[in-house]
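Protein chains: 2
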Amino acid sequence: MGTITKALELLNFFSRSRPALGLGDFVRLSHRDKATVHRHLVELAENGFLEQNPETRAYRLGPAILRLTAVREATMPMRSLVAPVVADLANEVGELVHFSLLQGEQLSPVLHTDPGRHGTQVHFDEAEVLPLHATSSGLAVLAFAPADLRKAVLAGPLAPFASHTITDAAALEQALDTVRASGFGVNDQGFDDEVASVAAPVFGPDGNVIGALGIAVPFARMTEAKRTEISNLLPGGVARITTATGGTIPTALAEAWKAAQPDAVS
Amino acid sequence: MGTITKALELLNFFSRSRPALGLGDFVRLSHRDKATVHRHLVELAENGFLEQNPETRAYRLGPAILRLTAVREATMPMRSLVAPVVADLANEVGELVHFSLLQGEQLSPVLHTDPGRHGTQVHFDEAEVLPLHATSSGLAVLAFAPADLRKAVLAGPLAPFASHTITDAAALEQALDTVRASGFGVNDQGFDDEVASVAAPVFGPDGNVIGALGIAVPFARMTEAKRTEISNLLPGGVARITTATGGTIPTALAEAWKAAQPDAVS
DNA sequence: GTTCGCGGTTCATTATTTGAACCATTGGTA
DNA sequence: TACCAATGGTTCAAATAATGAACCGCGAAC
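Chains A and B are the protein sequences, given in the same order. Going by my numbering, the first residue of the first sequence is number 443, and it counts up by one from there. Going by my numbering, the first residue of the second sequence is number 443, and it counts up by one from there.
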């Protein structure tokens with residue numbers, strides 16, 4: 443593993459619940475030597491990716507990140523395109539909606555909205571990357587991903603995250619068939635024991651999957667009626683995002699959706 | 443210079459006008475060996491900071507950036523707080539308004555809005571970091587910055603950017619006195635020969651400068667009336683941002699503003 | 001068909017990263 | 001007061017990883 447990767451991985455330890463970390467925290471989380479971690483932190487800070495609170499000496503994410511986001515959004519306006527769709531969906535369904543982009547063999551959350559209409563809320567951490575085999579979004583992506591990515595994930599170890607995580611390659615392939623047939627990735631207690639979720643894949647201009655739009659519901663609150671509601675609403679959201687980004691929805695997927703909910707409005 | 447810095451510097455070559463770059467571009471811009479650059483690019487891509495267009499093989503900024511922005515914004519909601527202020531100001535003044543954060547001895551642009559009301563427009567590149575001695579925002583920050591930062595900048599070389607860049611330490615100190623007296627950083631043709639600009643510093647909760655709110659106008663269009671208008675409006679914008687972030691405006695600065703425009707509305 | 005520029009790769013040389021031990025400061029505790 | 005346990009940070013020889021000149025294969029242009 444290169445030095446660059448080691449340094450960048452430090453940035454992954456930040457999360458909504460852990461927005462600032464001390465040197466010791468990084469050492470514990472990364473299992474690396476203190477001196478090494480410290481030099482990496484300093485170098486990241488010198489480049490504006492981190493900044494240090496001079497009083498507490500804790501590190502937090504720096505302004506360079508914002509600058510780069512501005513550049514990316516100027517040319518690939520994902521956030522601004524997706525944000526209204528996610529917000530609308532969250533309002534309609536009344537549950538946590540999130541959008542993630544495929545990044546290598548994982549999913550990288552872009553944004554999420556929780557309407558906060560209920561007492562219990564699904565905890566969603568945008569700093570946490572999502573595994574492809576253990577989330578509804580991941581299954582949705584994987585089912586429509588290029589063969590080599592699918593093969594790579596099937597070959598690799600399938601880490602268990604919760605009681606119902608699919609950890610067997612054969613079972614995973616079967617699950618992906620189901621996803622392709624229905625057009626939705628479904629995952630109950632596969633990533634978190636208390637969460638059930640449904641997701642649909644999103645495609646880019648070249649016809650490849652680029653990410654997924656997902657809805658996460660506390661397991662106790664996930665009824666059949668809610669599943670139907672979600673299945674009816676998700677394709678519309680995906681369509682909005684896809685057209686906005688100039689992508690195209692594969693006909694096979696559109697067919698699957700149509701077959702699943704013949705009464706859904708376009 | 444460490445490997446991490448070398449890799450991260452590659453990210454700085456992106457800009458609004460250059461949203462995707464090929465290997466050769468990076469090599470030319472960075473003056474480094476092709477093999478080195480290539481490995482850095484690959485490693486950045488592996489971590490989601492870049493992604494490669496499989497057809498053109500060009501690199502663009504990746505989704506990891508978005509994820510990190512989401513985390514930072516969740517705890518330090520700069521963009522979302524500042525965006526409406528910048529938008530309002532841009533509408534009122536009819537010129538390009540931008541907000542930047544202090545990052546080491548430079549300014550890192552966070553966002554900008556150009557109402558696009560005129561034929562000529564100031565070119566503002568959010569990917570470009572701004573020098574402290576050659577921009578109005580920089581002068582505004584520097585004038586109210588801790589002594590050690592000011593000393594560091596005064597000691598370092600003052601690179602010329604345009605015909606009127608202050609390159610002499612003594613002249614710079616004098617300029618900073620003027621800034622402190624008026625409460626505004628003013629810079630005409632110091633960063634770009636065709637641009638005049640005015641900026642005001644923004645302070646954080648600890649009472650230190652954290653950045654600046656600036657307005658850039660094509661030199662030919664910058665009249666005295668416009669300067670007055672800007673001077674009347676800028677303090678309001680700074681106040682909105684400062685209160686939103688829980689900061690406090692130093693009394694000395696508030697006094698300077700009051701003295702400069704006794705007829706300004708609060 | 002040759003040449004040019006492109007992205008990408010190789011491998012011996014070299015320079016950078018590494019980490020055990022160390023220092024300084026703080027906050028708690030006997 | 002003295003002591004201990006954490007904290008963040010630093011040092012320097014040893015080990016490892018980064019480096020870059022030369023090379024490959026490809027597609028476009030002449």
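Where is the CB? At the ideal position from N, CA and C, for every residue including glycine.
Residue i, DSSP secondary structure in three states
i, result
"A/E451", "helix"
"B/T620", "helix"
"B/I691", "coil"
"B/F468", "helix"
"A/P643", "strand"
"A/V707", "Confidence is the limiting factor: at A/V707 the pLDDT is only 48, short of 50, which leaves the residue's position unreliable, though a coordinate-based value still follows. A/V707: coil per DSSP, three-state reduction."
"B/A516", "helix"
"B/F633", "coil"
"B/A658", "strand"
"B/A576", "coil"
"B/E493", "strand"
"B/A701", "helix"
"A/R509", "helix"
"B/T555", "strand"
"A/A696", "helix"
"B/R499", "coil"
"B/R460", "strand"
"B/M443", "coil"
Cα-Cα separation between residue i and residue j, rounded to whole angstroms
i, j, result
"B/P551", "B/H540", "7 Å"
"B/P588", "B/N650", "7 Å"
"B/L655", "B/V527", "10 Å"
"B/S708", "A/E497", "Confidence in B/S708 is poor, its pLDDT being 45 and thus under 50, which makes the residue's placement unreliable; the coordinate value appears in the next sentence. Looking at the two C-alpha atoms, the distance is approximately 33 Å."
"B/I608", "B/V571", "18 Å"
"A/T665", "A/A529", "22 Å"
"A/A617", "A/A642", "14 Å"
"A/A512", "B/F456", "11 Å"
"B/A409", "A/T685", "With chain B covering 443 to 708 only, the question about residue 409 of chain B has no answer from this structure."
"A/V479", "B/A594", "27 Å"
"A/G466", "A/N495", "15 Å"
"B/R514", "A/G546", "23 Å"
"B/T432", "B/S472", "No answer is possible for residue 432 of chain B: it lies beyond the span of chain B, which begins at 443 and ends at 708."
"A/K476", "A/V469", "6 Å"
"B/L676", "A/G558", "37 Å"
"B/T447", "B/P505", "20 Å"
"B/A611", "B/D619", "13 Å"
"B/A696", "B/S542", "20 Å"
Contact under 7 Å by Cβ, residue i with residue j
i, j, result
"A/P599", "A/E636", "no"
"B/I691", "B/F626", "no"
"A/F633", "A/A601", "no"
"A/A500", "A/G536", "no"
"A/P647", "A/G688", "yes"
"B/L574", "B/I652", "no"
"A/N454", "B/L450", "no"
"B/L510", "A/I507", "yes"
"B/V680", "B/I657", "no"
"B/A714", "B/S624", "Residue coverage of chain B in this structure runs from 443 to 708, which leaves residue 714 of chain B outside it and unanswerable."
"B/S578", "B/N629", "yes"
"B/T445", "A/T445", "yes"
"A/A582", "A/T555", "no"
"B/V524", "B/I683", "yes"
"B/H482", "B/L452", "yes"
"B/D567", "B/R458", "yes"
"B/A597", "B/V621", "no"
"A/V564", "A/L538", "yes"
"A/G580", "A/L614", "no"
Limits of the alpha helix (DSSP H) - the one that residue i falls within
i, result
"A/D530", "520–535"
"B/E671", "666–686"
"A/E485", "476–488"
Segment limits, beta strand (DSSP E) that includes residue i
i, result
"A/Q545", "538–545"
Could you pull out every unbroken alpha helix (DSSP H) segment of at least 4 residues lying fully inside the segment 579–630 of chain A, listed in chain order?
-> Fully enclosed alpha helix (DSSP H) runs of 4 or longer: 589–597, 611–624.
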